[in-house]
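**Q** Here it is, the structure, as structure tokens.
2 protein chains.
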Amino acid sequence: MRIAIVGAGALGLYYGALLQRSGEDVHFLLRRDYDAVTSHGLRVFSINGDFTLPHVRGYRAPDEIGPVDLVLVGLKTFANDRFPELVGPLVGESTLILTLQNGLGNEEALAELFGGERIIGGVAFLCSNRGEPGEVHHLGAGRIVLGEYQRCDRGRIERLVAMFSKAWVDCRATDDLKRSRWEKLVWNIPFNGLCALLQQPVNMLLAQGACRGLVREIMLEVIAAANAQGLDRPIDEGYADSMLEFSDNMGEYRPSMQIDREERRQLEIASIFGAPLAYGRRQGIEMPRVEMLAILLEQATR
Amino acid sequence: MRIAIVGAGALGLYYGALLQRSGEDVHFLLRRDYDAVTSHGLRVFSINGDFTLPHVRGYRAPDEIGPVDLVLVGLKTFANDRFPELVGPLVGESTLILTLQNGLGNEEALAELFGGERIIGGVAFLCSNRGEPGEVHHLGAGRIVLGEYQRCDRGRIERLVAMFSKAWVDCRATDDLKRSRWEKLVWNIPFNGLCALLQQPVNMLLAQGACRGLVREIMLEVIAAANAQGLDRPIDEGYADSMLEFSDNMGEYRPSMQIDREERRQLEIASIFGAPLAYGRRQGIEMPRVEMLAILLEQATR
Numbered sequence: 000m001r002i003a004i005v006g007a008g009a010l011g012l013y014y015g016a017l018l019q020r021s022g023e024d025v026h027f028l029l030r031r032d033y034d035a036v037t038s039h040g041l042r043v044f045s046i047n048g049d050f051t052l053p054h055v056r057g058y059r060a061p062d063e064i065g066p067v068d069l070v071l072v073g074l075k076t077f078a079n080d081r082f083p084e085l086v087g088p089l090v091g092e093s094t095l096i097l098t099l100q101n102g103l104g105n106e107e108a109l110a111e112l113f114g115g116e117r118i119i120g121g122v123a124f125l126c127s128n129r130g131e132p133g134e135v136h137h138l139g140a141g142r143i144v145l146g147e148y149q150r151c152d153r154g155r156i157e158r159l160v161a162m163f164s165k166a167w168v169d170c171r172a173t174d175d176l177k178r179s180r181w182e183k184l185v186w187n188i189p190f191n192g193l194c195a196l197l198q199q200p201v202n203m204l205l206a207q208g209a210c211r212g213l214v215r216e217i218m219l220e221v222i223a224a225a226n227a228q229g230l231d232r233p234i235d236e237g238y239a240d241s242m243l244e245f246s247d248n249m250g251e252y253r254p255s256m257q258i259d260r261e262e263r264r265q266l267e268i269a270s271i272f273g274a275p276l277a278y279g280r281r282q283g284i285e286m287p288r289v290e291m292l293a294i295l296l297e298q299a300t301r
Numbered sequence: 000m001r002i003a004i005v006g007a008g009a010l011g012l013y014y015g016a017l018l019q020r021s022g023e024d025v026h027f028l029l030r031r032d033y034d035a036v037t038s039h040g041l042r043v044f045s046i047n048g049d050f051t052l053p054h055v056r057g058y059r060a061p062d063e064i065g066p067v068d069l070v071l072v073g074l075k076t077f078a079n080d081r082f083p084e085l086v087g088p089l090v091g092e093s094t095l096i097l098t099l100q101n102g103l104g105n106e107e108a109l110a111e112l113f114g115g116e117r118i119i120g121g122v123a124f125l126c127s128n129r130g131e132p133g134e135v136h137h138l139g140a141g142r143i144v145l146g147e148y149q150r151c152d153r154g155r156i157e158r159l160v161a162m163f164s165k166a167w168v169d170c171r172a173t174d175d176l177k178r179s180r181w182e183k184l185v186w187n188i189p190f191n192g193l194c195a196l197l198q199q200p201v202n203m204l205l206a207q208g209a210c211r212g213l214v215r216e217i218m219l220e221v222i223a224a225a226n227a228q229g230l231d232r233p234i235d236e237g238y239a240d241s242m243l244e245f246s247d248n249m250g251e252y253r254p255s256m257q258i259d260r261e262e263r264r265q266l267e268i269a270s271i272f273g274a275p276l277a278y279g280r281r282q283g284i285e286m287p288r289v290e291m292l293a294i295l296l297e298q299a300t301r
């Protein structure tokens with residue numbers, strides 16, 4: 000499969016490298032890493048075993064790549080206004096577009112530009128960081144859940160699942176992409192938000208009863224908003240408790256938004272907070288704590 | 000009048016100095032400033048004019064002072080567990096105790112130890128800081144509103160108002176001490192809390208529409224809790240807007256809790272947040288934003 004990677008940060012480089020290693024025809028749109036990758040290839044340091052790709056096809060502009068079978072979008076969501084210039088030249092008649100971005104609203108934005116029938120959503124549970132140019136560090140997890148944006152064709156989802164599985168990515172299909180997106184937000188909103196705001200890792204928040212209680216209250220607000228969106232099956236409150244227990248095993252984990260703040264990068268507040276708040280509000284769901292957290296993050300990073 | 004100052008921080012030193020200057024017999028219980036004050040006196044740098052008191056009566060222990068007519072309590076509220084040892088030796092049969100401390104619960108704690116009939120509450124609107132030992136800086140305001148804790152004797156309140164007025168303190172009496180305390184909290188909770196959490200001065204919070212809106216929402220939660228306490232007259236929502244307008248003139252003002260955090264001192268979270276939350280909860284009032292702010296402050300200062 001001819002694949003273009005747009006937004007070759009840690010996520011794009013990591014999945015792109017795995018797909019190339021398994022034999023796919025992968026083309027990376029690069030900026031910071033262009034010189035390093037095109038001259039020395041790509042090095043992946045992974046908990047599953049390190050590997051090097053000595054020859055990698057890197058490009059500075061999408062029209063050098065042209066139409067592909069699959070565009071894998073890993074852009075930071077605050078750059079979504081660049082979809083036309085970055086994704087447009089890669090889209091031919093039968094091109095699929097898979098967004099693995101954070102938060103809500105990414106499928107919608109791509110669908111509006113390129114047609115909803117070619118949009119696939121993926122929820123990635125990946126812990127990875129960029130290292131030096133040409134290097135990517137895979138620190139944990141890596142699972143992808145894939146779903147149709149418009150439920151057009153379950154068959155092509157199965158083919159993508161097979162492709163990722165062949166590349167040693169833990170990948171499964173879902174019939175309810177919306178639910179998977181919201182499930183991820185149940186974790187992402189409290190932990191990305193609070194860890195970034197307080198500049199404390201996951202285990203510090205969970206160690207204090209009051210703060211742990213706040214995390215849970217925020218989770219319940221997200222679950223209430225999720226269940227107002229017409230999911231096939233509602234998310235029950237027990238999901239919050241299972242996420243807390245799951246997080247107890249994460250130790251000093253620093254969510255991506257905390258790292259982004261430490262490194263003074265822009266935060267994905269609009270997609271992770273703004274869009275869920277808007278979807279909640281549209282269904283009459285109050286989310287005072289989520290709203291306050293978003294305002295505090297915006298204010299703290301001015 | 001024979002007066003003891005307990006908790007000779009910026010507030011205690013400032014009002015004590017004004018009272019001594021106007022002819023009262025003032026005795027300061029000191030710790031950090033003992034050596035400086037007993038050897039060189041007290042210097043007040045004030046927007047109303049600087050002055051020096053070359054001779055000041057300073058003590059290390061309250062039994063060196065003994066019973067007085069009036070104890071003025073300016074302790075940080077997290078030291079209220081030291082009331083027995085610090086205030087006890089100063090209390091005789093007819094001693095009045097005036098607390099000018101922050102937040103809620105101080106009159107109650109003093110009343111339980113020394114009897115409610117001798118307790119006067121004062122709400123101070125003062126901007127002052129300690130400087131070098133033996134120095135205090137008065138940066139703005141200074142008004143005190145005095146009220147009876149048990150409404151025993153309006154006459155003695157009038158005498159205290161007269162005493163402070165003679166010392167050039169803008170002082171007035173209130174018949175509803177509870178309302179005055181809550182009115183101050185309408186400002187103190189959002190601004191002390193948010194400025195300390197975000198380490199931003201008042202004007203930075205007010206400049207952003209979303210953050211200004213959050214300040215207002217927090218004020219409305221405090222007003223709702225206040226009005227559930229059985230005040231003589233309720234506080235209306237317009238009070239929030241007038242406090243916002245008032246704050247627009249404060250410029251880069253840093254509330255005391257922000258300064259305390261910058262200087263890594265303990266914060267008065269229990270009296271300014273914990274007690275109002277408990278009083279609200281007892282009347283069935285939800286204060287999600289105030290509660291979240293208190294948790295975030297506790298967590299941020301671990």
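Chains as they are written, first to last, in numbering that gives the first Met the number 0: chain A, 0 to 301; chain B, 0 to 301. Note that beta-carbon positions come from the ideal geometry of N, C-alpha and C, so glycine has one too.
When the Cα atoms are used, what is the spatial distance from G250 of chain A to A35 of chain A?
**A** 33 Å
**Q** My output table needs one value for D174 of chain B: the three-state DSSP class, helix, strand or coil.
**A** coil
**Q** Hey, how far is the Cα of E236 of chain A from the Cα of R280 of chain B?
**A** 24 Å
**Q** Pop quiz: G133 of chain B and L18 of chain B are said to be a contact at Cβ under 8 Å. What is the actual Cβ separation, rounded to whole angstroms?
**A** So it is not a contact: roughly 17 Å between Cβ atoms.
**Q** Could you spell out where the beta strand (DSSP E) holding D68 of chain A opens and where it closes?
**A** 67 to 72
**Q** Any Cβ of chain A within less than 9 Å of the Cβ of R133 of chain B?
**A** For the sequence presented, residue 133 of chain B should be read as Gly rather than Arg. So, not an interface residue.
**Q** Using a Cβ-Cβ cut-off of 9 Å, state whether L243 of chain B counts as contacting chain A.
**A** no
**Q** Kindly indicate which three-state DSSP category T98 of chain A falls into: helix, strand or coil?
**A** strand
**Q** Verify the CB distance criterion: does P254 of chain B have a CB-CB separation below 9 Å to chain E?
**A** No chain E is present in this structure, whose protein chains are A and B.
**Q** Between the Cα of L292 of chain A and the Cα atoms of A:A206, A:E261, A:L196, A:N202, which residue gives the shortest distance?
**A** When each option's Cα is compared against that of L292 of chain A, the closest is A:L196.
**Q** Determine the DSSP secondary structure at V90 of chain A, reduced to helix, strand or coil.
**A** strand
**Q** How about G386 of chain B: is its C-beta nearer than 9 Å to some C-beta of chain A?
**A** Given that chain B is displayed from residue 0 to residue 301, the structure contains no residue 386 of chain B and the question cannot be resolved.
**Q** Which of helix, strand or coil does DSSP assign to C151 of chain A?
**A** coil
**Q** Is E267 of chain A close to chain B, meaning its C-beta is less than 9 Å from at least one C-beta of that chain?
**A** no
**Q** Measuring alpha carbon to alpha carbon, tell me which residue in A:S246, A:G121, A:E63 is nearest Y148 of chain A.
**A** A:G121
**Q** Within 9 Å (strictly less), CB to CB, does M218 of chain B reach chain A?
**A** So, not an interface residue.
**Q** Can you list, in chain order, the residues of its chain with a C-beta nearer than 6 Å to that of D259 of chain B? Leave out the 5 residues immediately preceding and following it.
**A** L266
**Q** What do you reckon, are the CB atoms on I46 of chain B and G104 of chain B nearer than 9 Å?
**A** no
**Q** Could you list which residues in chain B have their beta carbon closer than 7 Å to that of A209 of chain A, in chain order?
**A** I294, E297
**Q** Helix, strand or coil: which one does DSSP assign to H39 of chain A?
**A** helix
**Q** Is the distance from the Cβ of I119 of chain A to the Cβ of L95 of chain A below 9 Å?
**A** yes
**Q** If you draw a straight line from the alpha carbon of E84 of chain A to that of D169 of chain A, how long is it in whole angstroms?
**A** Each residue's Cα considered, the two are about 31 Å apart.
**Q** Just to confirm my understanding: we take A299 of chain A, look at its own chain, exclude 5 residues before and 5 after, and list those with CB closer than 7 Å. What are they?
**A** L196
**Q** Near P233 of chain B, what residues of its chain come up, given a Cβ to Cβ distance below 6 Å and the 5 sequence neighbours on each side ignored?
**A** N226
**Q** So, at 6 Å on beta carbons, what are the nonlocal neighbours of R211 of chain A in its own chain, with the 5 sequence-adjacent residues on each side left out?
**A** L205
**Q** Any beta-carbon of chain A closer than 9 Å to the one on Q257 of chain B?
**A** no
**Q** Where does E134 of chain B fall in DSSP's three states?
**A** Strand.
**Q** If you compare alpha carbons, which of B:A9, B:T76, B:N187 is closest to E131 of chain B?
**A** Measuring C-alpha to C-alpha distances from E131 of chain B to each of B:A9, B:T76, B:N187 identifies B:A9 as the nearest.
**Q** Locate the alpha helix (DSSP H) running through R288 of chain A, then write down its first and last residues.
**A** Its alpha helix (DSSP H) spans residues 287 to 299.
**Q** Of all the options B:N79, B:A123, B:G22, which has the alpha carbon lying nearest to the alpha carbon of G146 of chain B?
**A** B:A123
**Q** How big is the Cα-Cα spacing for Q257 of chain A and G192 of chain A?
**A** 8 Å
**Q** At a CB-CB cut-off below 7 Å, which residues of chain A make contact with P287 of chain B?
**A** P287, R288
**Q** Might you give, ordered along the chain, the residues of its own chain that have their beta carbon closer than 6 Å to the beta carbon of N128 of chain A, omitting 5 neighbours on each side?
**A** A9, H136
**Q** By Cβ distance, which residues of its chain are closer than 6 Å to S21 of chain B, with the 5 residues on each side in sequence left out?
**A** K165, A166
**Q** Taking only three categories from DSSP, how would you classify I327 of chain B?
**A** Absent from the model: residue 327 of chain B. The displayed extent of chain B is 0 to 301, so no value can be given.
**Q** If the cut is a Cβ gap below 8 Å, which residues of chain B does L197 of chain A touch?
**A** L295, Q298, A299
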